[in-house]
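So the number in the working numbering is just where the residue sits in the sequence shown, counting from 1, plus 702. Here a beta-carbon is modelled for each residue, glycine too, at the ideal position from N, C-alpha and C. Every value quoted in this text rests on a predicted model; they were computed, and no experiment measured them. Input: a single structure, listed below in C-alpha cells.
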Amino acid sequence: MRVNLREVFSLNNVRLRNKMLIVYFLSVFIPVILTNVIFYDITTTNVKHQKMKDISLAIEEIRNDFMAQVDAAVGISAVIYNDPYLNQYLEENYEVPAAYVLNYQSYIISVLSKYSPVYETIQRITLYTNNNSIIYGGQVEPITDQTRQQPWYQLIRDSKPSTPYLLKTTIDYLGASGDVLSVISKISDSGGSEQWEKLMRIDLHPEAIKEIFNNVILEGGNLYLLHDNEVQYSTNSSIDPSRMADFSSAPVPKGTIVIDEDFLNVSYLSGWRIVGEFQESAVLKEVHKSRNFVLYLAVPNLLLSTLVIIWFTRSLNVRLIRILKQMKRVKNHSFETIERQDTKDEIGQLTAEFNRMTLQIKSLIHDVYIADIQKKELQLERNQSQLHALQSQINPHFLFNSLETIRMRSLIKKEEETAKIIHNMAKIFRKSLTWGKDWVTIKDELDLVACFLEIQRYRFGDKLDFRIEADESVLDLMIPKMTLQPLVENASIHGIEKSKKAGLIRVTVEMTAEGLVCTVQDNGAGIPAERLDMIVSGLENDEDIGESVGIKNVYYRLKLYYKEKVHFEVASEEGEGTVFRIMVKESLIT
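Listed below in C-alpha cells is the structure:
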C-alpha cells in the first residue's frame, strides 16, 4: 500500500478555523514560548553561575583570613620553638624560687606578652612543663595527670617536636571557661639534651574567629568550620557545635547548595575545611526576578497576538459559517438570501454570488419545477380516472349477488358446509375489493384471516387446524390492511400444504411492554436455511426473493407506514415450521 505524503500533509481537509489555530500555534504561540523559555534558562544559568562564583569567592576569602590567623599563631610557635633562651630557662633547675621569679619577670613574661597586643587573634600563650623547680602560675602551667588525659596532649605527645597542630581545647583561666581553637606544639632544644617535657599552647581569640565568619555577608546560608567532620564553629545559631559530632551524618535539606573549601598543602590544617550550605531559593532570588520579567514580557506578546488572530479568524470564519448554513438550507428547499454588508474581499464576493445563485434557483423552481409538478399531477389524475373507469366495468355487486345465490341454494339442499365456505369467500371478496381504505381494525383483519383459514381447512380437511388468539385491548387498534392475511396464506401454502403431517397455524396478537406484537406460526415443512438467508437478505437489501412476494409486500408496506419503528422477524427450521413476528412500538399505534 503506497502512501501519498502529499495527501497526508495536505490541509485541504482541515477546517479554516483549525488552519488558523495551526498557524497561530506554529507561528506565534510556540515561538514565543520557546524564546522566553530559552531566554529564561540562559538567564537562570548565568545568574546561578555568577552567584555560585560570588559565594565561592566569599568562602575562599574566609578560608584565607582564617588561615592567616592560624599562620600568625604557627609563626609565633616557630619563634618560641627556636628561642634558645626560653628553652634554657625552662630546662634550668631552680634551687631557690627567687631565681625563677627573676627569669620569669625579666624574660619569660616579656617574651609571651609581646604578641597579644600585636596580634589581636592571639588570646593567650601558655607554656606547659613538668619541671617541678618552677613556680607555676601566670602563663606557665604544670603537666599534670589531668593534662595528660586531654585529647590535645595525647595527640602532641607522639608528634615531632617541630610540628604544630590546630585543635579545639578547653580553657579555664581568669574566670573564663569554654572551647577555643589552639595551636599546640612541643618546645625542644636544638641540641636534643632536654630533661623536661615542654609544650606550648597558643589560644586563638573566639571573637576574632567569629569576626572572620561574620565579616562576609552571605544571604540565606550558614557556614561550618569542620575538623574531621566535627563542627568546630558555625554561623547557624540553631545548632550546638559541641553536640554535633558527625557533620556528614546530618541530613541536607532539599534544595540546598553545598560548597566545600579545604586547606590543601597545609600540614597543620590537615582535616580542616569550611563548608557552606545555602538555600537555592535565596541564591536564585535574582533569578526569580528575571522569571517574573520574562513572564511580564511574554503575556502581552501572547495576548496581543491572540487578539489579532481571533479578530482575523472571526472575520473569515463567521461569514463562511453563515454561507455554509445557508447552503444547507437551500438543500432543504429554503431559498432565502444572506443579509450582508457590502464587503470587497473574497468572502463578500462569494456571498454576493451565492445570493444571486439562490435567486436564480428560486426562479427556476417556480418557473420550471412547479410547472412540471402540475403537469405530472394532471397526468396522474388522468391515469386514476382511467383506472376508476376500468374498475367500474366490473361490478363487485354482481359477484357478491352470485355467491349469495349459490349459498342460498346450498342451504336449500342442506349443504351447510358448502354454504359456509361460499359465505367466507364472499366476505373475503368484499373486504379485498373495498377501495380507498388502507387501514382496518385488528378485529377486521383477524376476521379476514379466519375466513381464509376456514376455506383452507375446507380444502385440506383434517390436515389443517388453526388457532386465532387476540387480547381484547387490541381489537379496536388500527393496522395497515392485509398485514396478516399474506403471512397466513404463506404459512398455509408453503408450510402446511408441503408437509405430510397434520398442520396447525396459530395467529396471536398481544400488547407487550414494548408495543404491539403480531405472530403467525405454523408447524409445517419449514424453510431451508439457504432459502431463509436469501429471504432475509432480500428484504434488507431490496433484492428479488422469488416466490415470496406476499412477504415482501407486507415488509415494505410496514416500512412505508412505520419507517424504522417496526421490527420484522422470520425464523424457521426445516421440517419443524416457521414463525413470522411483527413488532410495532406502542407510541405509533393509533
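- Boundaries of the alpha helix (DSSP H) around residue 1236: 1231-1243.
- Under the DSSP assignment, residue 1157 falls in the alpha helix (DSSP H) whose first and last residues are 1144-1162.
- A check of alpha carbon separations from residue 780 across 748, 726, 867 and 823 identifies 867 as the nearest.
- If only uninterrupted alpha helix (DSSP H) runs of at least 4 residues are considered, those enclosed by the stretch 949-1030 are 982-985.
- Residue 1189 is positioned such that its CB atom lies no closer than 8 Å to that of residue 1270.
- Cα atoms of residue 716 and residue 1253: separation of roughly 48 Å, rounded to the nearest angstrom.
- Going by DSSP, residue 775 is part of no beta strand (DSSP E) but of the alpha helix (DSSP H) stretching over 732-783.
- The three-state reading of DSSP puts residue 1169 in strand, counting E and B together.
- In this structure, residue 906 lies near residue 825, with their beta-carbon atoms less than 8 Å apart.
- Taking the Cα positions, residue 847 is about 15 Å away from residue 901.
- Taking C-beta atoms under 8 Å as the contact rule, residue 910 and residue 738 fail to qualify, at a distance of about 50 Å.
- Exclusion of the five residues before and after residue 792 leaves 831 and 900 as the residues of its chain whose Cβ lies within less than 6 Å of its Cβ.
- As the crow flies, the alpha-carbon of residue 1275 is around 28 Å from that of residue 1173.
- Apart from the 5 residues on each side of it in sequence, residue 1230 sits with its Cβ closer than 7 Å to the Cβ of 1276 in its chain, given in chain order.
- Measuring C-alpha to C-alpha distances from residue 913 to each of 771, 940, 1024 and 872 identifies 771 as the nearest.
- Annotation for residue 1057: 1039 and 1040 place their beta carbon closer than 7 Å to its own, counting only its chain and skipping 5 residues before and after.
- When DSSP states are grouped into helix, strand and coil, residue 929 belongs to the strand group.
- For residue 912, the enclosing alpha helix (DSSP H) starts and ends at 908-916.
- Segment contact: the stretch 1215-1229 against the stretch 1154-1167, fewer than three CB-CB distances shorter than 8 Å; contact not assigned.
- Put simply, the stretch 1013-1023 does not touch the stretch 760-775. Fewer than three CB pairs are less than 8 Å apart.
- In the three-state scheme derived from DSSP, where H, G and I count as helix and E and B as strand, residue 898 is classed as coil.
- The DSSP-derived three-state label of residue 1187 is helix.
- Contact annotation: residue 1224 and residue 1198 have beta-carbon atoms nearer than 8 Å.
- With at least 16 other beta carbons inside 10 angstroms of its own, residue 774 counts as buried.
- By the Cβ criterion, the stretch 717-734 is in contact with the stretch 1002-1011, since at least three pairs of Cβ atoms, one from each stretch, lie closer than 8 Å.
- Distance between residue 957 and residue 754, taken at the CA atoms: about 14 Å.
- By the CB criterion at 8 Å, residue 1142 and residue 1217 fall outside the cutoff.
- Taking 8 Å as the cut-off, the Cβ atoms of residue 1177 and residue 1144 count as close.
- Taking a 10 Å sphere around the C-beta of residue 979, we find 16 or more other C-beta atoms and assign the residue as buried.
- If you ignore the 5 residues before and after residue 916, its C-beta comes within less than 8 Å of the C-beta of 937, all in its own chain and listed in chain order.
- Residue 861 is bridged by DSSP to nothing; it lacks a bridge partner.
- In this structure, DSSP gives residue 1053 a helical state, which the three-state scheme calls helix.
- In this structure, the beta-carbon distance from residue 809 to residue 787 falls below 8 Å.
- DSSP, read as helix, strand or coil, puts residue 1216 in coil.
- Under the three-state reduction of DSSP, residue 866 is assigned to coil, being neither helix nor strand.
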